[in-house]
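Enquirer: To start, I am sharing the structure in question, which I have written as structure tokens.
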Amino acid sequence: MISVETSNPRAILNQQREFFITGKTKDVDFRLTQLKTLKQLVIDNKADIIKALNADLHKPEFEAYATEIGVIKEINYAIKNILNWTKPQKATVPWDLFPYSAKIHPEPLGIVLIIGPWNYPFYLMIAPLVGAIASGNCAIIKPSELAPHTANLLSELISKYFLPEYITVAQGGVETSQKLLAEKFDHIFFTGGTAIAKIVMAAAAKHLTPVTLELGGKSPCIVDTEINLEQTIRRITWGKFINAGQTCIAPDYLLVNKKIKPDLVNGLKKCLQEFYGETPATSPDFARIISKKHFDRLANFLKCGEIIAGGETNPEELYIAPTLLDHISLADPIMEEEIFGPILPIIEYTDIDEAINLINSKPKPLALYLFSENKNLQQRILQTTSSGGVCINDTVMQVAVSSLPFGGVGDSGIGSYHGKAGFDTFSHYKSVLKNSFRLDINWRYAPYQGKLPLLKRLIGG
Ligand code: NAD
Numbered sequence: 003m004i005s006v007e008t009s010n011p012r013a014i015l016n017q018q019r020e021f022f023i024t025g026k027t028k029d030v031d032f033r034l035t036q037l038k039t040l041k042q043l044v045i046d047n048k049a050d051i052i053k054a055l056n057a058d059l060h061k062p063e064f065e066a067y068a069t070e071i072g073v074i075k076e077i078n079y080a081i082k083n084i085l086n087w088t089k090p091q092k093a094t095v096p097w098d099l100f101p102y103s104a105k106i107h108p109e110p111l112g113i114v115l116i117i118g119p120w121n122y123p124f125y126l127m128i129a130p131l132v133g134a135i136a137s138g139n140c141a142i143i144k145p146s147e148l149a150p151h152t153a154n155l156l157s158e159l160i161s162k163y164f165l166p167e168y169i170t171v172a173q174g175g176v177e178t179s180q181k182l183l184a185e186k187f188d189h190i191f192f193t194g195g196t197a198i199a200k201i202v203m204a205a206a207a208k209h210l211t212p213v214t215l216e217l218g219g220k221s222p223c224i225v226d227t228e229i230n231l232e233q234t235i236r237r238i239t240w241g242k243f244i245n246a247g248q249t250c251i252a253p254d255y256l257l258v259n260k261k262i263k264p265d266l267v268n269g270l271k272k273c274l275q276e277f278y279g280e281t282p283a284t285s286p287d288f289a290r291i292i293s294k295k296h297f298d299r300l301a302n303f304l305k306c307g308e309i310i311a312g313g314e315t316n317p318e319e320l321y322i323a324p325t326l327l328d329h330i331s332l333a334d335p336i337m338e339e340e341i342f343g344p345i346l347p348i349i350e351y352t353d354i355d356e357a358i359n360l361i362n363s364k365p366k367p368l369a370l371y372l373f374s375e376n377k378n379l380q381q382r383i384l385q386t387t388s389s390g391g392v393c394i395n396d397t398v399m400q401v402a403v404s405s406l407p408f409g410g411v412g413d414s415g416i417g418s419y420h421g422k423a424g425f426d427t428f429s430h431y432k433s434v435l436k437n438s439f440r441l442d443i444n445w446r447y448a449p450y451q452g453k454l455p456l457l458k459r460l461i462g463g
């Protein structure tokens with residue numbers, strides 16, 4: 003198994019630089035072949051990927067397929083569109099600049115570093131890699147040490163399917179990450195928490211390296227009265243408790259119209275039983291918390307408000323039951339940070355302004371959910387709040403649409419990816435202006451005497 007010598011990332015970086023300079027990665031056929039190889043990597047190794055995800059997170063096979071192996075859709079989208087994306091685009095030139103012509107050429111940035119988290123440890127390494135390959139870069143990817151089975155598998159598979167001077171995995175924790183960050187990359191793509199993102203951005207600033215930061219936050223979920231109650235309940239329950247709530251775009255807390263709250267709460271309780279049975283601890287469809295540290299942090303949140311469903315924990319199994327909390331105070335610790343676990347606080351509002359004000363009093367979230375058929379309310383929420391993305395009458399599904407850029411705003415991130423946005427993230431758009439020798443009007447050359455009136459007319463000022 004070839005793996006990066008993590009004590010000396012510069013060696014592999016230099017190898018990648020030499021490979022990049024050959025220009026091989028710029029060839030569109032090469033990129034297409036590599037995307038197909040990546041797809042094959044996923045297809046050939048589905049069983050091992052599922053096994054690794056189960057070992058790391060007790061991830062159910064269905065969820066592994068839907069949310070991690072599902073990266074195949076992202077690869078297919080890039081394969082289908084790469085010829086279009088890589089074509090230089092014509093830019094318009096004003097008539098008075100005849101006979102210039104202008105084009106915008108996308109070109110790769112060079113060597114990119116992709117650092118990932120543990121919650122979707124396969125998807126969140128491969129999906130950015132799709133953009134990096136499509137735009138013609140070399141890549142070093144650093145998976146999270148907290149999902150070691152997936153990290154080991156990624157390292158093994160990437161070295162089997164790709165040349166290390168093209169794509170390689172650097173395994174390790176904070177130390178590896180910091181050694182990599184000390185080097186000069188052409189782009190750093192980071193998925194993780196806001197605190198570490200600040201460290202990444204500070205390291206990148208030393209080399210003037212551009213960054214994409216895919217972060218998290220407290221994504222609110224507003225529930226109005228004009229809804230299909232049953233569907234709303236199912237969609238919220240699924241989006242919140244998939245992967246045991248360890249999803250960056252999981253609804254973090256509910257903001258529910260007071261009139262519908264009793265029905266919603268009853269429905270959520272029933273739905274939890276329907277999804278995970280009387281004892282979710284024995285359900286094959288419910289994941290576990292990644293580590294003791296995260297378990298302890300979440301267990302502390304159970305002291306907030308009143309538990310109205312769930313609340314059971316088992317530290318040996320890193321199990322926290324899907325839990326609903328009522329009577330939360332806005333000053334409770336659970337409302338101070340991203341929950342990132344299977345605990346759902348339910349907060350009621352009487353007037354929608356209360357909900358909007360609460361959302362706007364917090365850092366901008368990665369996602370915002372609104373359940374309402376009321377078009378005026380939909381418009382109002384879109385206009386008065388800011389978030390990475392919005393999904394109306396559903397949760398989490400926005401991540402599955404490759405034509406929608408995925409990313410945050412403010413504290414929830416910088417930049418975006420998926421589909422064309424991923425290609426753009428790892429590309430530089432080079433402006434190219436071309437003149438010809440057919441004509442050389444001398445209006446701009448000295449001596450300027452007598453030429454100012456014409457210039458003024460052209461500028462229009
Ligand atoms: P994290 O920030 O703790 O770790 C992410 C990566 O950074 C890991 O590979 C880790 O090894 C590395 N790292 C940790 N400490 C470091 C340091 N001091 N210096 C350099 N590198 C360091 O995040 P996490 O706990 O793995 O993931 C959870 C967070 O990620 C949540 O906030 C979640 O919302 C966010 N997230 C965002 C998205 C998204 O697409 N926007 C997706 C998944 C998770």
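Per the numbering used here, the sequence shown starts with residue 3, numbered consecutively. Built from N, CA and C at the ideal position, the CB exists for glycine as well.
Opposite Pro-317 in the DSSP bridges: which residues?
Expert: In the sequence shown, counting from the first residue as 1, residue 317 sits at position 315. In DSSP, Pro-317 forms no bridge with anything.
Enquirer: DSSP state of Gln-248, grouped into three classes?
Expert: To locate residue 248, count along the sequence shown from 1; it is residue 246. Looking at Gln-248 - three-state DSSP - the assignment turns out to be coil, as it is neither helix nor strand.
Enquirer: Could you give the first and the last residue of the continuous beta strand (DSSP E) run that contains Asn-121?
Expert: Residue numbering aside, residue 121 sits at position 119 when the sequence shown is read from its first letter. Taken as a continuous stretch (DSSP letters only), Asn-121 belongs to no beta strand (DSSP E), as it is neither H nor E.
Enquirer: Cutting at 6 Å between CB atoms, please list the residues of its own chain near Asn-56, excluding the five before and the five after it.
Expert: Residue 56 sits at position 54 when you count from the first residue of the sequence shown. Contacts found: none.
Enquirer: Three-state secondary structure (DSSP) at Glu-109?
Expert: In the sequence shown, counting from the first residue as 1, residue 109 sits at position 107. Looking at Glu-109 - three-state DSSP - the assignment turns out to be strand.
Enquirer: Check Cys-393 in the structure and name its three-state DSSP category.
Expert: In the sequence shown, the residue the question calls residue 393 occupies position 391. In the structure shown, Cys-393 sits in a strand (DSSP, three-state: E or B).
Enquirer: Could you give the uninterrupted runs of the alpha helix (DSSP H) lying entirely in the region 9-80, keeping only those of 4 residues or more?
Expert: Counting only runs of 4 or more, we get 11-23, 30-46, 48-59 and 63-66.
Enquirer: Is Ile-345 near the ligand NAD, in the sense that its beta carbon is under 6 Å from a heavy atom of that ligand?
Expert: Here the question's residue 345 lines up with position 343 in the sequence shown. Every heavy atom of the ligand NAD is 6 Å or more from the Cβ of Ile-345, so no.
Enquirer: Less than 6 Å between the CB of Pro-11 and some heavy atom of the ligand NAD, yes or no?
Expert: Position 9 of the sequence shown, counted from the first residue, corresponds to residue 11. Outside the cutoff, so no.
Enquirer: Identify which residue in Phe-288, Ile-160 and Pro-317 has its Cα closest to the Cα of Ala-301.
Expert: Position 299 of the sequence shown, counted from the first residue, corresponds to residue 301. Taking only the C-alpha atoms, the option nearest Ala-301 is Pro-317.
Enquirer: Please indicate yes or no: does the CB of Asn-121 lie closer than 6 Å to some heavy atom of the ligand NAD?
Expert: Position 119 of the sequence shown, counted from the start, is the residue given in the question as residue 121. Under cutoff, so the answer is yes.
Enquirer: Can the beta-carbon of Ala-153 be found less than 7 Å from the beta-carbon of Pro-166?
Expert: Looking up residue 153 in the sequence shown gives position 151. Looking up residue 166 in the sequence shown gives position 164. Result no, Cβ atoms of Ala-153 and Pro-166 do not sit closer than 7 Å.
Enquirer: Nearest to Thr-397 by alpha carbon, out of Ser-374, Tyr-447 and Ile-416?
Expert: Your numbering for residue 397 matches position 395 in the sequence shown. Of the listed residues, the one whose Cα sits closest to Thr-397 is Ser-374.
Enquirer: Once DSSP output is grouped into helix, strand and coil, what is the label at Gln-451?
Expert: As a working mapping, residue 451 is identified with position 449 in the sequence shown. Gln-451 falls in the coil class under three-state DSSP.
Enquirer: Does the distance from the C-beta atom of Leu-182 to that of Ala-197 stay below 7 Å?
Expert: By 1-based counting over the sequence shown, the position of residue 182 is 180. By 1-based counting over the sequence shown, the position of residue 197 is 195. In this structure, Ala-197 does not lie closer than 7 Å to Leu-182 by Cβ.
Enquirer: In the DSSP assignment, find the unbroken alpha helix (DSSP H) run with Asp-298 in it and report its ends.
Expert: The residue labelled residue 298 in the question sits at position 296 within the sequence shown. From DSSP, the alpha helix (DSSP H) with Asp-298 extends over 294-303.
Enquirer: For the alpha helix (DSSP H) containing Gln-233, list its first residue and its last residue.
Expert: By one-based count along the sequence shown, residue 233 stands at place 231. Start and end: 231-243.
Enquirer: What separation, rounded to the nearest whole angstrom, lies between the Cα atoms of Tyr-371 and Leu-457?
Expert: Looking up residue 371 in the sequence shown gives position 369. Looking up residue 457 in the sequence shown gives position 455. Each residue's Cα considered, the two are about 53 Å apart.
Enquirer: Looking only at C-alpha atoms, which of Ile-349, Leu-320, Glu-340 and Pro-324 sits nearest to Ser-331?
Expert: The residue you call residue 331 lines up with position 329 of the sequence shown. Ranking the options by Cα distance to Ser-331, first place goes to Ile-349.
Enquirer: Helix, strand or coil: how does DSSP classify Ser-161 here?
Expert: Here residue 161 is taken as the residue at index 159 of the sequence shown, counted from 1. Helix at Ser-161.
Enquirer: Have a look at Ile-4 and Lys-61 and give me their C-alpha separation to the nearest angstrom.
Expert: For this step, residue 4 is matched to residue 2 along the sequence shown. For this step, residue 61 is matched to residue 59 along the sequence shown. Annotation note: pLDDT 39 at Ile-4 (below 50); position unreliable, coordinate value reported separately. Each residue's alpha carbon lies about 27 Å from the other.
Enquirer: Have a look at Leu-159, Ala-104, Ser-103 and Ile-113 and flag the residue whose alpha-carbon is nearest the alpha-carbon of Ile-128.
Expert: By one-based count along the sequence shown, residue 128 stands at place 126. Comparing Cα positions, the closest option is Leu-159.
Enquirer: Taking the alpha-carbon of Ala-283 as reference, which of Pro-130, Leu-320, Ile-142 and Tyr-351 has the nearest alpha-carbon?
Expert: Your numbering for residue 283 matches position 281 in the sequence shown. With distances taken between Cα atoms, Ala-283 lies closest to Leu-320.
Enquirer: Considering just the uninterrupted stretch of the beta strand (DSSP E) at Phe-373, what are its terminal residues?
Expert: The count along the sequence shown starts at 1 and reaches residue 373 at position 371. Segment 369-373, the beta strand (DSSP E) holding Phe-373.
Enquirer: Please report how far the alpha carbon of Tyr-255 lies from the alpha carbon of Ser-363, in whole angstroms.
Expert: Translated into positions along the sequence shown, residue 255 becomes position 253. Translated into positions along the sequence shown, residue 363 becomes position 361. Distance between the alpha carbons of Tyr-255 and Ser-363 is about 14 Å.
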